[in-house]
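In mature numbering (1 follows the signal peptide of the UniProt record, and there is no 0), the protein residues as written are -23 to -1, 1 to 404. Heads up, the thing below is written out as structure tokens.
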């Protein structure tokens, strides 16, 4: 499953329409019935369509069989694009699921239009230990000082490298690049192997990679008040120039490739270095690729910068209040050490519960423990900003495509900066 790399153009407008509709009709409120002995069925939408979805199905099945709260979760899995197309309309029509798992990048738009409920009281529930949650993970769900989402998964972008190709290129297969400069050097060597071997792939929809590169070089999207663009800077030009030199001029990878196509190159064993999220692990293992994973490369050796992303549980405002107790029952079950450990080990993603991170099996898993190191210093990127989804879709991804195609980087940067200003001003 991929998180937040591609966004649909109509999502924000659809969410706004949903908010206006709900403001007119209000949300239903009934007394809780989950303690009456009757089974409360709660509906759940998410976009875990890959092997992670199989793990999720098993967890839901186990919960339905074992929970003592008379709750049954009825789950519907769909692609994230379909999720974002259907949810706003469903909220408006009061046919939305009772709760969702949502990408953090999409959350602010829903919250700003009044279509998600506050969930801060979850941490006051019996059996919930707020201090067991990593603060950075918990704060992903905080928008304007209020909690609207509870963590389900956290992730970031990590460095993947093909050890077999490193050996063929005369590189140490156990010594991946630590900086962007080292990445470029290694990628050039690998790309010279021929036979359609690629050194490094930068997807034209790779905003998550671009944001990390910009941040590492000291570039900013917006000013401190987040009301004006700050993209027009030497640090941004340095970032754009780096990618253009690497891909367009040095030719270490394809000039026009989507994230899905780049994934396939890595899964086929023909890509030397790649940056992606934890969901790539299962496919690499299935295809028996000899690979390694490490924390993200940095601008300078010793730096510790990375962007924290994730998925959180949320409750649409169209959900009846009498479902809250049942929803919290499942969310509490999810955030136990047992389930957190299962999810991290089987999907190879970093834990965000301290009790899971301290588990011996987690510490002994090289992939999971490596990714967990990055969680310690990674931070959300413009958290709670309702314009980020729009900027990603309409400004950053098109700019990446232009940079990779060889367009003048100064012109691309200035044009993108003006577009960000226009987005922030509401024009």
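From the three backbone atoms N, C-alpha and C, an ideal C-beta is built for every residue, glycine too. Here the structure is a predicted model, which means the values were calculated and not measured.
A distance below 8 Å between beta-carbons, with the five flanking residues on each side excluded, links residue 284 to the following residues of its chain, in chain order: 133, 134, 185, 188, 189, 192, 355, 356, 357, 358. Between the alpha carbons of residue 271 and residue 14 lies a distance of about 49 Å.
In this structure, DSSP gives residue 215 a helical state, which the three-state scheme calls helix. Judged by their CB atoms, residue 102 and residue 305 are nearer to each other than the 7 Å cut-off. Under a 10 Å Cβ-count criterion, residue 151 is classified as exposed, with fewer than 16 other Cβ atoms of the shown protein chains found around its own Cβ.
Comparing C-alpha distances from residue 311 to each of 28, 202, 299, 39 shows the shortest one belongs to 39.
Counting along the chain, no beta strand (DSSP E) covers residue 106, and no H or E run does either. With fewer than 16 neighbouring CB atoms inside 10 Å of its own CB, residue 403 falls in the exposed class. Within the same chain, Cβ atoms closer than 6 Å to the Cβ of residue 166 are found at 146, the five residues on either side in sequence being excluded.
Around the beta carbon of residue 183, 16 or more other beta carbons sit within 10 angstroms, so the residue counts as buried. In this chain, residue 256 is not harboured by any beta strand (DSSP E), its DSSP state being neither H nor E. Here the region 108 to 120 does not lie against the region 51 to 58, with fewer than 3 beta-carbon pairs under 8 Å apart. Contact annotation, residue 288 with residue 85: C-beta distance approximately 14 Å; criterion of less than 8 Å not satisfied.
The Cβ neighbour count for residue 149, taken over all protein chains shown within 10 Å, is under 16; the residue is labelled exposed.
For residue 236, there is no enclosing beta strand (DSSP E); the residue is part of the alpha helix (DSSP H) that begins and ends at 236 to 244.
Residue pairing by DSSP places residue 248 opposite 175 in a beta bridge. For residue 190, the enclosing alpha helix (DSSP H) begins and ends at 184 to 193. Per DSSP, the unbroken beta strand (DSSP E) holding residue 136 starts and ends at 135 to 139.
Shown here for residue 121: not one same chain residue has a beta carbon closer than 6 Å to its own, the five before and five after excluded.
Nearest C-alpha to residue 382 among 241, 83, 59, 220: 220.
Taking a C-beta distance under 7 Å as the contact criterion, residue 340 and residue 255 do not qualify as a contact pair.
DSSP places residue 278 outside both helix and strand once states are collapsed to three, so it counts as coil. Taking residue 235 as the centre and dropping the five residues before and after it, the same chain places the C-beta of 180, 181, 182 closer than 7 Å to its C-beta, in chain order.
Residue 93 and residue 291 have their C-alpha atoms spaced approximately 7 Å apart. Taking each of 388, 217, 117 in turn and checking the Cα distance to residue 362, the smallest one comes out for 117.
It is roughly 23 Å from the alpha-carbon of residue 249 to the alpha-carbon of residue 194.
Between the alpha carbons of residue 99 and residue 16 lies a distance of about 21 Å. 136 is the residue among 136, 375, 24 whose C-alpha sits nearest the C-alpha of residue 258. A straight line joining the alpha-carbon of residue 388 with that of residue 398 spans about 16 Å. Following the DSSP letters along the chain, one finds residue 66 inside the alpha helix (DSSP H) bounded by residues 57 to 69.
Counting along the chain, the unbroken beta strand (DSSP E) around residue 132 starts and ends at 127 to 132. The Cβ atoms of residue 380 and residue 177 do not sit closer than 7 Å to each other. Residue 48 and residue 41 have their alpha carbons spaced roughly 7 Å apart.
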